[in-house]
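For reference, the structure discussed in these notes is given below.
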Amino acid sequence: MIKSFTAIFLAIASIASTQASDFPIKDKPITLVVPFVAGGPTDRVARDLAEAMRKPLGGVIVVVDNAAGAGGSIGANKVAKANPDGHTLLLHHIGMATMPTLVRNIPFKVETDFEYLGMINDVPMTLIAKPQMPANNFKELMVWINANKGKINLGNAGVGSASHLCGLLVQNAVQVDMTTVPYKGTAPALTDLMGGQIDLLCDQTTNTSTQIEAQKVKAYAVTTSKRLTTPALKDLPTLDESGLKNFQVTIWHGLYGPKGLPADVQTKISNALKAALKDPEFIEKQKGLGAVVITDNRIEGAEHKKFVAAEIIKWSPVIKAAGDYAD
Ligand code: ASP
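Residues in the sequence shown are numbered from 8 upward in steps of one, following my numbering.
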């Protein structure tokens with residue numbers, strides 16, 4: 008009896024280890040879930056990363072799946088509940104740290120339902136307006152905001168998104184309540200902003216820099232503590248120097264798998280991510296859009312996890328303090 012139990016145990020162990028070391032399964036694509044619609048900044052990082060990770064993953068195709076909605080929590084939940092075989096991964100942003108405070112009752116736990124595979128980049132945000140906006144600088148924008156109280160539409164990618172967080176902080180800093188217009192990502196929000204259907208948007212430079220350069224939107228400031236060096240954005244002041252003291256928000260992106268991903272699969276994916284982050288083409292593309300590829304220890308899964316835990320602690324009181332503007 009004991010002998011047959013041992014045999015069964017050994018057989019199971021051997022199947023498990025074969026499956027783990029077989030990753031990635033040849034001809035089976037890896038699905039990279041993006042929790043926002045195609046064409047936006049999170050999607051853009053994912054598509055560039057998918058291309059850069061293909062070679063280090065032995066040629067396996069990485070397919071982007073836009074599971075958008077509910078401020079990024081639908082896509083995150085999809086991956087939290089996925090089979091932990093390495094063929095379903097999640098690319099998410101700062102929402103992993105702000106969702107627990109911004110969204111009531113998310114159906115997963117950020118801290119325990121995922122394996123952390125490493126961070127990808129840091130991305131500044133920009134405060135932009137529709138092209139018809141009469142204000143030509145932040146000071147004039149403040150005059151316009153104060154003169155239009157009760158009539159201002161601010162776009163975002165839903166409660167829990169990065170643009171929601173930034174918009175919340177802007178409203179709190181200027182002490183003006185705006186009507187928020189949620190989208191399933193900031194690509195359609197930017198389209199509506201360019202068309203004048205909404206007034207303001209705060210979004211990652213990876214989405215806005217091209218339209219700022221083409222003067223299809225009006226840009227007022229960056230959300231980082233220092234000005235940026237990216238040619239299209241270098242003349243923009245920071246919100247802090249514009250008068251919103253200590254305003255600082257930087258969006259970051261990371262890679263996750265479902266909890267239970269075998270250790271050797273995690274290592275293979277993390278190594279592929281590290282290789283992608285050293286790919287000169289990927290680095291150049293990110294740089295051109297104002298993003299900075301991670302080179303510090305947050306490239307390691309364990310440090311990535313620590314960083315997200317620290318971000319949850321950092322943002323929770325800030326969000327609660329700005330709570331009156333959270334809708
Ligand atoms: N930038 C978006 C956000 O505000 C999401 C996106 O469409 O990538 O969270």
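Glycine included, C-beta positions come from ideal geometry on N, C-alpha and C.
- One residue after another in chain order, those with a Cβ under 7 Å from a heavy atom of the ligand ASP are F43, V44, G47, P48, T49, D50, G79, H100, G102, N163, A164, S168, A169, S170, H171, G192, T193, A194, D210, Q211 and N214.
- According to DSSP, residue pairing for H99 in a beta bridge involves G261.
- In this structure, DSSP gives K35 a state outside helix and strand, which the three-state scheme calls coil.
- In the DSSP assignment, I135 forms a beta bridge with L208 and A226.
- Contact annotation: V110 and G174 have beta-carbon atoms that are not nearer than 9 Å.
- The beta-carbon separation of L56 and L96, rounded to 10 Å, does not stay under the 8 Å limit for a contact.
- DSSP places L161 outside any alpha helix (DSSP H); the residue lies instead in the beta strand (DSSP E), whose first and last residues are N160 to N163.
- With three or more CB-CB distances shorter than 8 Å, the segment 314-325 counts as touching the segment 105-120.
- For V52, the enclosing alpha helix (DSSP H) begins and ends at P48 to R61.
- In this structure, DSSP gives Y123 an extended state, which the three-state scheme calls strand.
- In its chain, beyond the 5 residues on either side, A194 have a beta carbon closer than 6 Å to the beta carbon of G46.
- L284 places its beta carbon 9 Å or farther from that of I258.
- DSSP, reduced to helix, strand and coil, places T108 within a helical segment of the structure shown.
- Counting the other Cβ atoms within 10 Å of the Cβ of V52 gives 16 or more, which makes it buried.
- Boundaries for P244: no alpha helix (DSSP H) harbours it, and the DSSP string shows neither H nor E there.
- In this structure, the CA atom of K266 is about 9 Å from the CA atom of V86.
- In this structure, I135 sits near I219, with a CB-CB distance shorter than 9 Å.
- The C-beta distance from I205 to L161 rounds to 7 Å, short enough to meet the 8 Å contact threshold.
- In this structure, V71 is the residue among V71, K225 and G65 with its C-alpha nearest to the C-alpha of R54.
- CA-to-CA, the gap between Q255 and T198 works out to about 26 Å.
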